[in-house]
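Novice: Top to bottom, those sequences are chains A and B.
Note that my numbering has the first sequence beginning at 48, numbered continuously upward.
Note that my numbering has the second sequence beginning at 48, numbered continuously upward.
Protein chains: 2
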Amino acid sequence: MELEYLLTNIAPWLTGDGPEADIVLSSRIRLARNLKGFNFLRKTGEASRREILDLICGVIDKVSPLSGSTVVKLEGLPDLDRLFLMERHLISRELSPDYQGAVIIGPEEIVSLMINEEDHLRIQIIRSGMSLSRCWEEIQKVDAELEKVLEYEYSPVYGYLTACPSNVGTGMRASVMIHLPALVLHKQIDKIIQTVGKLGLAVRGINGEGSQAAGNMFQISNQSTLGKSEEEILGDLEKIISKIIVHERNGRRVLLERQLLRIEDQIYRALGILNNARLITSEETIDLLSALRMGVDLEVLETITRGTVNQLFLYTQPAHLQKLAGSSLDATKRDALRAKLIRDKIEKEGR
Amino acid sequence: MELEYLLTNIAPWLTGDGPEADIVLSSRIRLARNLKGFNFLRKTGEASRREILDLICGVIDKVSPLSGSTVVKLEGLPDLDRLFLMERHLISRELSPDYQGAVIIGPEEIVSLMINEEDHLRIQIIRSGMSLSRCWEEIQKVDAELEKVLEYEYSPVYGYLTACPSNVGTGMRASVMIHLPALVLHKQIDKIIQTVGKLGLAVRGINGEGSQAAGNMFQISNQSTLGKSEEEILGDLEKIISKIIVHERNGRRVLLERQLLRIEDQIYRALGILNNARLITSEETIDLLSALRMGVDLEVLETITRGTVNQLFLYTQPAHLQKLAGSSLDATKRDALRAKLIRDKIEKEGR
């Protein structure tokens, strides 16, 4: 399976031109679905899992948004490719070759399906900026077309039945990746996270569950999937995100009004290091790119686009670097290649 | 007294083109002298000190290396100007308006005289690079010409008599400012300092006695002035400095051979921050300029000259910045102006 074509694909969710893209990086919705006539995965044998995989792969040609998709089976897939797909948000850490896991990557990486992850099927749509409504429209279409050719496990009382009770009902998880440097600088972020948590939403760092909030980026998603319609869940999430956006914007205005020089200093130092370092870890890169993004969003830096910063976030990750290099690299070589990639990209942009 | 002319004067000791200038910043010799017929300063009254001042100022026209000198009396001199002269190594912290202190600044700031510091007269020569012999030749000439028109306190047994016993004999203090980044990186510097101390030399940081070794710069000077001739003292000092230079050169070679990428990373990061910061303290500046100088000396950076780095060391100090601005500035304004000065200078150089 050749994944190299993805390296040159600038997925639409990376372009940084969606609504509220100065604060919201991306919006994502996924639906958990299971097929009638099969046990939940934990209770299946290999034969059933292969059957599920074949069944789903066999129908994708009939689902128009999936036409021209790439099917990637995890069995036999090199670890590097698996990490690469994780970095691109196309698969989760849980998708396993031992469970005949696979991913179907739709055109432009907008829609994707994970097969045999925790549920038989997970459908995902990811878009740039604050685009939950658009994601919802699009994922409904995929879901509806799939439902025409697959029979879902569905209870009139509970809704969609899922392997983990936390997904029962809508089976929907909607999440928004949001960049909150001003709220972090003003030390208001802990309070925001607390409040958001009390409102029934989950707040996580850039790399999903349990990860720390590197680069001032936070992923906010719904927790409950039961007892409310998808539209209600999305409406609640959007309302809260809108309020956080207002807070962040106010925070940024205050920074520009009262601490312009300090903020410019932080932004330009980040640019100076990114433009000059010969060795740089991914942790430091994320923090400096966060400052760079703030520079673009505050219109302090005008020679760099938001899309470039977004792409650097993605392409400086370990598996992306190694795919770009075409070979596996030790940590120092990665740090050197990462530094070079960043310099080249920023220099190219500056011209 | 207008000192502004000094701001545009690139003193020869700053040009960075003396012998061994990749390691030795500057060489300096000063001679302590006292006038016959006057008590040492601690036991003089104001009238005597004025008499000493007038006496010395009255003869400088007869001393050819001092022709065209500027006389700066400390009485009434703004604090900023005093600090400015200290930063240029033209006066010491001890030279005081309360003691009718004054400085005579020779052409190009090569030779200077301090009057009424600890002794009645201190003669100084400062030159770029490892230039103790040249300094010695030149200071002997100034000293000899002065001795024709002034009568020094001199004992056939002890030599020149001085206010502090530690200067009796030759009255000579020779010092070399030396940049040792490789020995610091290799953690060999403490051993070197210990050894040098045992050999009867003093090692100090960039700003003289008691100051820390900021920017990997060390000032090494003779301690004893008695029982040996000036030539012997200078010979011993030169011999030890030569050995330190060999060690530093070896250290640099090892860095280039074994840690090139790490060293380049350090150098380019320093350049990137200096080139981009909007606020920078003098402490951080010294450390980053040290890395920049190493970059120039190791021929990693080729667009910047050693002279530029030397000038930045001097002109980014607080009094220099405020003299350049033409007004007194608070710490934040200084940090902002310092950052701008550095950016402008490096950008100009790069063109």
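Cβ coordinates follow ideal geometry from the N, Cα and C atoms, glycine included.
Everything numeric in this text was worked out from a predicted model, so none of it was measured.
#1: Identify the residues that DSSP records as bridge partners of Ser74/B: which are they?
#2: Can you tell me whether Ile333/A is buried or exposed, with buried defined as 16 or more other CB within 10 angstroms of its CB?
#3: Excluding sequence positions up to five away, which residues of its chain have a Cβ less than 8 Å from the Cβ of Ile280/A?
#4: What are the start and end residues of each continuous alpha helix (DSSP H) run of 4 or more residues lying completely inside the region 326-390 of chain A, in chain order?
#5: Using alpha carbons as the reference points, say which of Leu137/A, Thr209/A, Leu78/A, His233/A lies closest to Gly148/A.
#6: Per DSSP, which one or two residues make a beta bridge with Arg97/A?
#7: Determine the extent of the alpha helix (DSSP H) in which Val301/B is found, giving its start and end residues.
#8: Name, please, each residue of chain A whose Cβ falls closer than 9 Å to the Cβ of Gly319/B.
#9: Any beta carbon of chain A sitting closer than 8 Å to that of Arg309/B?
#10: Is the region 54-63 of chain B in contact with the region 362-373 of chain A, if contact means three or more CB pairs nearer than 8 Å?
#11: Closer than 8 Å, Cβ to any Cβ of chain B: which residues of the region 377-395 of chain A, in chain order?
#12: Please decide whether Asp283/B counts as near chain A, where near means a Cβ-Cβ distance under 8 Å.
#13: Asp312/B touches chain A at which residues, Cβ-Cβ below 7 Å?
#14: In angstroms with no decimal places, state the Cα-to-Cα distance between Gln235/A and Val250/A.
#15: So, Ile288/B versus Met177/B, is the Cβ gap smaller than 8 Å?
#16: Do the CB positions of Val231/B and Asn263/B come within less than 8 Å of each other?
#17: Could you pull out every residue in the same chain whose Cβ sits closer than 6 Å to the Cβ of Val158/B, ignoring the five residues on either side in sequence?
#18: Quick check: the Cα distance between Glu194/A and Cys104/A, rounded to an integer number of angstroms?
#19: Under a Cβ-count criterion, where at least 16 other Cβ atoms within 10 Å of its own Cβ denotes burial, should Tyr52/B be classed as buried or exposed?
#20: In three-state terms, what does DSSP make of Ser213/A?
#21: Is Glu256/A buried or exposed, if buried means 16 or more other CB atoms sit within 10 Å of its CB?
#22: Could you check if Ser74/A is buried or exposed, using at least 16 other CB atoms within 10 Å of its CB as the buried criterion?
#23: What is the residue span of the alpha helix (DSSP H) that Ala191/A lies within?
#24: Output the boundary residues of the beta strand (DSSP E) element that contains Leu160/A.
#25: Following the continuous alpha helix (DSSP H) through Phe131/A, name the residue where it begins and the one where it ends.
#26: Do Ile291/B and Ile225/B have their C-beta atoms within less than 8 Å of each other?
#27: Near Val243/A, which residues of its chain fall below 8 Å by C-beta distance, leaving aside the five closest residues on each side in sequence?
#28: Taking 8 Å as the cut-off, decide whether the C-beta atoms of Glu200/A and Asn81/A are in contact.
#29: Can you tell me where the alpha helix (DSSP H) with Ile240/A in it begins and where it stops?
#30: May I ask you to report which of helix, strand or coil DSSP gives Asn86/B?
#31: In this structure, how does DSSP classify Asn322/A when only helix, strand and coil are distinguished?
#32: Three or more beta-carbon pairs under 8 Å between the region 305-316 of chain A and the region 334-351 of chain A, yes or no?
#33: Of the residues Ser374/B, Ala79/B, Gly319/B, Ala383/B, which one's Cα is nearest the Cα of Ala210/B?
#34: Have a look at Gly354/A, Leu388/A, Ala261/A and flag the residue whose alpha-carbon is nearest the alpha-carbon of Pro228/A.
Specialist: Here's the rundown:
#1: The partner list for Ser74/B (beta bridge, DSSP) reads Arg174/B, Val223/B.
#2: So Ile333/A ends up on the buried side.
#3: Residues of the same chain with a CB within less than 8 Å of the CB of Ile280/A, apart from the 5 flanking positions on each side, are Thr217, Met219, Ala221, Asn269, Ser271, Thr272 in chain order.
#4: The qualifying runs are 329-344, 353-362, 365-372.
#5: Checking every option, the nearest Cα to that of Gly148/A belongs to Leu137/A.
#6: Answer is none; Arg97/A lacks a bridge partner.
#7: The continuous alpha helix (DSSP H) containing Val301/B extends over residues 277-305.
#8: Ordered by position in chain A, the residues that pass the 9 Å Cβ test against Gly319/B are Arg316, Leu318, Gly319, Ile320, Leu321, Asn322, Asn323, Ala324.
#9: Arg309/B counts as touching chain A.
#10: No, the region 54-63 of chain B is not in contact with the region 362-373 of chain A.
#11: Along the region 377-395 of chain A, going in chain order, the ones with a CB nearer than 8 Å to a CB of chain B are Thr379, Ala383, Ala386.
#12: It does not: the Cβ of Asp283/B has no partner Cβ on chain A nearer than 8 Å.
#13: For Asp312/B, the chain A residues whose Cβ falls inside 7 Å of its Cβ are Ala324, Arg325, Leu326, in order along the chain.
#14: One C-alpha to the other measures close to 14 Å.
#15: A contact, by the Cβ cut-off of 8 Å.
#16: Cβ atoms of Val231/B and Asn263/B: closer than 8 Å.
#17: Apart from the 5 residues on each side of it in sequence, Val158/B sits with its Cβ closer than 6 Å to the Cβ of Pro112, Ile172, Val189 in its chain, given in chain order.
#18: Looking at the two C-alpha atoms, the distance is approximately 14 Å.
#19: Exposed is the call here.
#20: Here Ser213/A sits in helix by DSSP.
#21: With a pLDDT of 49 at Glu256/A, under the threshold of 50, the modelled position of that residue is not reliable, and the figure given next carries that caveat. So Glu256/A counts as exposed.
#22: Around the CB of Ser74/A, 16 or more other CB atoms lie within 10 Å, so the residue is classed as buried.
#23: Ala191/A -> alpha helix (DSSP H) spans 179-196.
#24: Taken as a continuous stretch (DSSP letters only), the beta strand (DSSP E) holding Leu160/A covers 158-162.
#25: Here the alpha helix (DSSP H) through Phe131/A covers 126-134.
#26: The answer is yes: Cβ separation under 8 Å.
#27: If we look at Val243/A and ignore the five residues flanking it on each side, its Cβ neighbours are Val250, Ile267, Ile287, Ile291.
#28: In contact: Glu200/A and Asn81/A (Cβ atoms closer than 8 Å).
#29: Element bounds for Ile240/A: 236-245.
#30: DSSP, reduced to helix, strand and coil, places Asn86/B outside both helices and strands of the structure shown, so it counts as coil.
#31: In the structure shown, the three-state DSSP call for Asn322/A is helix.
#32: Short answer: they touch.
#33: Comparing alpha carbon positions, the residue from Ser374/B, Ala79/B, Gly319/B, Ala383/B closest to Ala210/B is Ala79/B.
#34: Among Gly354/A, Leu388/A, Ala261/A, the Cα nearest to that of Pro228/A is on Ala261/A.
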